[in-house]
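Inspection log for the structure reproduced underneath, given as structure tokens.
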Amino acid sequence: MTSPGNLTHTQRMLAAQPFCVFCGGTTQATTLDHMPSRVLFDGKHRPKGLEFSSCQPCQDSTRKAETVFAVLSRFYPEPTTGTQRAEFQKLLRAAERHNPGFMREMETDQVGHLHRLGKEAALLPSWNFLNVGGPICTDSISAFSVKLGLALHYEITRQIVPKGGVIVVARFSNVDAFTGDMPKAALALFGEGQTLEMGKFRVADQFEYSSVYAGDTMNMSAHFATFRMSMALLLLACHSEADIPQGVHGDRFRV
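In full-length UniProt numbering, the protein residues as written are 1 to 255.
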């Protein structure tokens, strides 16, 4: 018989939670999945933490989406070092290879955005606009967001969102942040953000999140996550449609 001291890290994690946290808790987990994945971090240098029991299909389901999200999360601030620029170009090629048409989809009418923003355009650090509302970007952001919502719900409640549960996703760009078009009332519910860290190594400049949850029932949690200064996600994880509070806005995805 293998003693607990002889188990690998993965074996210990799977022993603690033997079911996949991403598909309703009914499938046996066979591996660990990192959320967010390593590809989102500079040089794939990711501190430990936020590792979750997963089945192989769930782990594989967001690989293409994560590459797109990794690109989108790096647009602001722009890569500054030669290493960062080379990594960005490599990710951009990978995202296009796995999602043909991705780069063309992001092309947009720059003048049209300036007209739409009016005087608020002066609040922006640059006028290099991108279209992130096309089908490739939208589907990729949604897939990544749902998985992150499921992961963070389990992280804070130790409960798996069951079959029939719902993840509500609202996404925001840095344009929303610079022009003040963020849900201030909702964001006021969250405390100070936290990040992954290992010793003195922290990645708050690349990923930060904050969570709140219904402590009496554990059937609902909310999360706010930022990715560099490019994107932000407001996520609500609920065990059923009935658990969604009135007045909540966002795209809904059923588990």
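All C-beta atoms in this analysis are idealised placements derived from N, C-alpha and C, irrespective of residue type, glycine included.
None of these values were measured; they are calculated from a predicted model.
For M218, which residues of its own chain have a beta-carbon under 6 Å away from its beta-carbon, when the five flanking residues on both sides are left out?
The residues are T157 and Q159.
Have a look at A204 and V111 and give me their C-alpha separation to the nearest angstrom.
Each residue's Cα considered, the two are about 34 Å apart.
Does the region 218-230 come close enough to the region 68-87 to have 3 or more Cβ pairs within less than 8 Å?
Three or more pairs of CB atoms, one per stretch, sit closer than 8 Å, so the region 218-230 contacts the region 68-87.
So what's D216 in DSSP terms, helix, strand or just coil?
The answer is coil: DSSP assigns D216 none of H, G, I, E or B.
For H223 versus L152, is the C-beta distance shorter than 8 Å?
With respect to L152, H223 sits close: the two C-beta atoms are nearer than 8 Å.
Given P18, which residues of its chain have a CB within under 8 Å of its CB, disregarding the five upstream and five downstream residues?
Around P18: Q28, A29 and S53.
Three-state secondary structure (DSSP) at V21?
In the three-state scheme derived from DSSP, where H, G and I count as helix and E and B as strand, V21 is classed as coil.
I need the straight-line Cα distance from C238 to G82, nearest angstrom please.
Straight across, the Cα-Cα distance linking C238 with G82 is about 43 Å.
Which same chain residues end up closer than 7 Å to L124 when comparing Cβ atoms and leaving out the 5 residues on each side of it in sequence?
The residues are V175 and F178.
If you reduce the DSSP assignment to three classes, tell me which class Q208 lands in.
For clarity, residue 208 is Glu in the given sequence; the question names Gln instead. In the structure shown, E208 sits in a strand (DSSP, three-state: E or B).
Output the distance between the C-alpha atoms of S240 and A86, rounded to the nearest integer angstrom.
Near 44 Å, if we compare the C-alpha coordinates of A86 and S240.
Here's the rule I'm using: 16 or more other beta-carbon atoms within 10 Å means buried, otherwise exposed. How should H34 be labelled?
H34 should be labelled buried.
Selection from K147, R202 and G199 that minimises the alpha carbon distance to C20:
It is K147.
Quick check: what's the CA-CA separation for R12 versus S142?
Each residue's alpha carbon lies about 31 Å from the other.
Nearest-angstrom Cα separation, counted from I136 out to G215
For the pair G215 and I136, the Cα-to-Cα distance works out to about 37 Å.
According to DSSP, what are the bridge partners of H223?
Its beta-bridge partners are S211 and L235.
First and last residue of the uninterrupted beta strand (DSSP E) at I167
For I167, the enclosing beta strand (DSSP E) begins and ends at V166 to S173.
Residues bridged to H34 by DSSP?
Per the DSSP secondary-structure output, H34 pairs in a beta bridge with E51.
If you count every other CB in all the chains shown that lies within 10 Å of the CB of K119, and 16 or more means buried, which is it?
So K119 ends up on the exposed side.
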